[in-house]
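Asker:
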Amino acid sequence: MEAFCFKELTVRDEELVCLAGIVAFADRLVRRKASLGWSRNLEIVMPVAEPRFWQQPEIVDTLLEALRYLTGDAWRFKFIKRAGRLPRVRQAEMDLGQGEFQVIPFSNGMDSFAQSRLLRKERPHISPIRVTAWNHGLAGSRTWLTDADGTRYRRVAVPIKFSFKGNADQTYRTRGFLFSVLAGLAAHMSGAKSIVIPEAGQGALGPSLVPVGAESPHRGSHPGFSRRMAAFFRAFWQKTISFEHPQLWHTKGEVLTMLKKENLHEGWEKTFSCSRGQRDIRTERHKKIHCGICSGCMLRRLAVFSADLPEPADTYMWPDLSASSLEESLCEDARRPVSTNDWDIAVHAVMAMEDLARLANTPITHPKMENALFDAFGNNPQQLAGGAEPLRRLLLAHQTEWRKFTQQLGPESWVNQQIAHL
């Protein structure tokens, strides 16, 4: 961050970065156990230079509220006096120069790709700062990113790598906290106008509207989490860092269609949406591809179909959704058979899409819908009243897209067979 913003981090800012890393490490280290339910009790003891600063009720309370909301766990923090200084790693400095900045978390997914392109067109006077993981799938250096069309973006790369003796917990809900902290720090140091959350409505609101079993919903892109992080930043820095959700009321397909209409879609096929590890996706191609059946892939395929874009034939391990089973859908060069886990992932993906589509038939005055709006906007009368109709329109748009998508698969498709059983 120092290299990027031509400023030295304060001790408190350094400790905030350490806190984000410690929280993420603890989340991965302590595995959830089905027999004990979803929630875990996690206590963190962290040495800091000024315990009295970190123990302020407004800082502790907003931190706990953000993490509980994001992960569904019970967190406790104890801040003790640090004996020595944090190790310093000197980096080459780079001056950002003058101008207006906006920060955008960039996952190399379709939403972050699309929003970056749209921001460039809609706000050409503003320089975007992309906060990314250190991802070899992204072209560029530690401080720059290069798009498919040759455009270069300032980049803050977050090194995310943990080492464990055993298996790490796979739910990793604190990823959103880690990225939000780094995005907030980038906004704070650069004087950025805001943090732009690129997620479309299905990904931002869908997991909370149709949660899976006893799991805490994925809320890393949810406006309710953004609202809580803004409160934490306000307590920590005594300044307002705002969040924007420009595509909250649009489907992923609508955003991709918008990009296509503006002729800004070049390179979209290089984005990555699959939530599964590459150990599960084994083919003779020996390259990174999508599984094609997880929730991320299903939403991607729906968006591509809705935007009427051609997709490379070798994109997925399970390319043919019109097949009558996963076994028949599997690519010819697969290096492993279909597993029970594959079926479980695929069925849950279809259920999530179908449940969200059926929710469009629920009256907007239903308690479930009112709770969804309150979850997103809190006790803000203006946003609550203004969000009802956009939420209804979003759900209807998803329903229309999903119905067209499943219809073209044919009645014998394993997808439609699963829907028939719901």
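Each residue of the sequence shown is one higher than the one before, counting from 1 in UniProt numbering.
Ideal placement from N, C-alpha and C gives every residue a C-beta, glycine not left out.
Report the rounded CA-to-CA distance for PRO381 versus SER180, giving the unit in angstroms.
Answerer: Taking the straight line joining both Cα atoms gives about 26 Å.
Asker: Output the residue ranges of the alpha helix (DSSP H) runs that lie fully inside the region 230 to 297 and measure 4 residues or longer, sorted by chain position.
Answerer: List check, alpha helix (DSSP H) in window: 252 to 261.
Asker: Going by CA-CA distance only, name the one from VAL48, GLY206, LEU205, ARG403 that's closest to GLY84.
Answerer: Per the Cα distances, VAL48.
Asker: From the DSSP output, which residues share a beta bridge with ALA334?
Answerer: Paired residue(s): THR283.
Asker: First and last residue of the alpha helix (DSSP H) that includes SER180?
Answerer: Element bounds for SER180: 175 to 190.
Asker: Within 10 angstroms of the Cβ of THR340, are there 16 or more other Cβ atoms? Answer buried if so, exposed if not.
Answerer: Its Cβ having fewer than 16 others within 10 Å, THR340 is exposed.
Asker: For VAL45, collect the residues of the same chain with a Cβ closer than 7 Å to its Cβ; drop the 5 residues on either side in sequence, then sort them by chain order.
Answerer: So the qualifying residues of the chain are LYS78, ILE80.
Asker: Looking at the unbroken alpha helix (DSSP H) that takes in SER208, where does it start and where does it end?
Answerer: Note, SER208: alpha helix (DSSP H), 201 to 209.
Asker: Which ranges would you report for the beta strand (DSSP E) in the region 25 to 64 if only whole runs of at least 3 residues count?
Answerer: The region 25 to 64 contains these whole beta strand (DSSP E) runs: 41 to 48.
Asker: Counting Cβ pairs, one atom from each stretch, are 3 or more of them under 8 Å apart for the region 205 to 225 and the region 24 to 40?
Answerer: Yes: the two stretches touch, three or more of their Cβ pairs being nearer than 8 Å.
Asker: Restricting to Cα atoms, I'd like to know which of GLN383, GLU354, ASP342, LEU391 is closest to ILE364.
Answerer: Among GLN383, GLU354, ASP342, LEU391, the Cα nearest to that of ILE364 belongs to LEU391.
Asker: Curious, which full-length beta strand (DSSP E) runs of at least 3 residues does the region 102 to 141 contain?
Answerer: Those beta strand (DSSP E) runs which fall completely within the region 102 to 141 and span 3+ residues are 126 to 133.
Asker: Enumerate in chain order the residues of its own chain whose CB-to-CB distance from CYS18 is below 6 Å, with the five nearest sequence positions on each side excluded.
Answerer: Excluding sequence neighbours, CYS18 sits near nothing in its chain.
Asker: How many Å lie between GLN91 and LEU326 at the Cα?
Answerer: Only weak support exists for where GLN91 lies, its pLDDT of 43 falling under 50; the value from the coordinates is given anyway. Answer to the nearest angstrom: the Cα atoms are 50 Å apart.
Asker: Run the CB neighbour count on LEU422, radius 10 Å, all protein chains shown included, and call it buried at 16 or more, exposed below.
Answerer: Label assigned to LEU422: exposed.
Asker: Do you know how far the Cα of ALA186 is from the Cα of MET94?
Answerer: Note that MET94 scores a pLDDT of 39, beneath 50, so its modelled location is shaky; the value from the coordinates is reported in the next line. If you take the alpha carbons of MET94 and ALA186, they lie about 14 Å apart.
Asker: Roughly how many angstroms lie between the CA atoms of VAL338 and LEU330, to the nearest whole one?
Answerer: Each residue's Cα considered, the two are about 8 Å apart.
Asker: Would GLU199 be called buried (16 or more neighbouring beta carbons within 10 Å of its own) or exposed?
Answerer: GLU199 should be labelled buried.
Asker: I need the boundaries of the alpha helix (DSSP H) containing LYS404, first residue and last residue.
Answerer: Its alpha helix (DSSP H) spans residues 381 to 409.
Asker: So for ARG155, helix, strand or coil by DSSP?
Answerer: Here ARG155 sits in strand by DSSP.
Asker: Would you mind reading off the limits of the alpha helix (DSSP H) that contains TRP318?
Answerer: Counting along the chain, TRP318 falls outside any alpha helix (DSSP H), and DSSP gives it neither H nor E.
Asker: Measuring CB to CB, does ILE289 end up less than 8 Å from ALA346?
Answerer: Result no, Cβ atoms of ILE289 and ALA346 do not sit closer than 8 Å.
Asker: Once you ignore the five residues that flank GLU43 on each side, which residues in its own chain have a CB closer than 6 Å to its CB?
Answerer: ARG76.
Asker: Is the separation between the beta-carbon of VAL23 and that of ILE104 shorter than 8 Å?
Answerer: Contact: no.
Asker: May I ask you to verify whether the region 60 to 74 touches the region 244 to 256, counting CB pairs closer than 8 Å and requiring at least 3?
Answerer: The region 60 to 74 vs the region 244 to 256: no contact.
Asker: Cβ atoms of LEU182 and VAL212: under 8 Å apart, would you say?
Answerer: Going by C-beta atoms, VAL212 is not nearer than 8 Å to LEU182.
Asker: Per DSSP, what kind of secondary structure is ALA74 in: helix, strand or coil?
Answerer: Strand.
Asker: Can you check which of these residues, ARG301, ARG173, GLY21, THR251, is closest to LEU395 by C-alpha distance?
Answerer: Comparing Cα-Cα distances from LEU395 to each of ARG301, ARG173, GLY21, THR251, the minimum goes to THR251.
Asker: Between which residues of its own chain and LEU119 is the CB-CB distance below 6 Å, once the five residues before and five after are set aside?
Answerer: Taken in chain order, the residues that qualify are PRO128.
Asker: By alpha-carbon positions, which one of THR400, ASN361, VAL415, ASP320 ends up nearest to MET351?
Answerer: Considering only alpha carbons, the answer is VAL415.
Asker: Do you know offhand how far ASN167's Cα is from MET353's?
Answerer: Roughly 30 Å separates the two Cα atoms.
Asker: Please state whether the Cβ-Cβ distance between TRP237 and ARG393 is less than 8 Å.
Answerer: No, the pair does not count as a contact, with Cβ atoms beyond the cut-off.
Asker: Thinking C-beta only, is PHE101 closer than 8 Å to ILE126?
Answerer: It is a contact, given that the beta carbons lie within the stated cut-off.
Asker: Quick check: the Cα distance between VAL89 and ARG335, rounded to an integer number of angstroms?
Answerer: Any answer about VAL89 is weak, because its pLDDT of 49 lies below 50 and its placement is not dependable; what the coordinates show is given next. C-alpha separation (whole angstroms): 43 Å.
Asker: Of the residues LEU299, PHE233, ALA385, which one's Cα is nearest the Cα of ARG356?
Answerer: According to the sequence provided, residue 356 is Leu. The question's Arg does not apply to it. Ranking the options by Cα distance to LEU356, first place goes to LEU299.
Asker: How do the region 273 to 288 and the region 221 to 230 stand: do at least 3 beta-carbon pairs fall below 8 Å, yes or no?
Answerer: Judged by Cβ distances under 8 Å, the region 273 to 288 makes no contact with the region 221 to 230, as fewer than three pairs qualify.
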